[in-house]
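Have a look at the structure below, then the notes.
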Amino acid sequence: QVQLTLGRVGGSRVAWTGRALGLLAVYLAVTAALAVGFYGLLELFAAD
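If you count the sequence shown from 1, position 13 lands on 25 in our numbering, and the numbers rise without skipping.
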């Protein structure tokens with residue numbers, strides 16, 4: 013149903029772009045969280 017409605021309005025490309033940008037944002041957020049977590053572990057174990 014949603015696909016038919018988007019196709020009629022002409023927003024299928026916009027929907028695809030939004031989905032791609034959303035996935036990219038999630039990927040970048042996970043990568044940043046891993047980097048910050050790893051940095052925290054390094055700081056924890058490197059403390060003098």
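Glycine included, each C-beta is placed from N, C-alpha and C at the ideal position.
N- and C-terminal bounds of the alpha helix (DSSP H) containing residue i
i	result
Gly34	Ser24 to Phe57
Alpha carbon of residue i to alpha carbon of residue j, nearest angstrom
i	j	result
Leu35	Tyr51	24 Å
Gly70	Leu40	Nothing about residue 70 can be read from this structure; the chain reaches only from 13 to 60.
Ala59	Leu53	10 Å
Ala47	Ala37	15 Å
Leu33	Leu56	34 Å
Within-8 Å CB hit, residue i to chain C
i	result
Thr29	Chain labels in this structure do not include chain C; a single protein chain is all it has.
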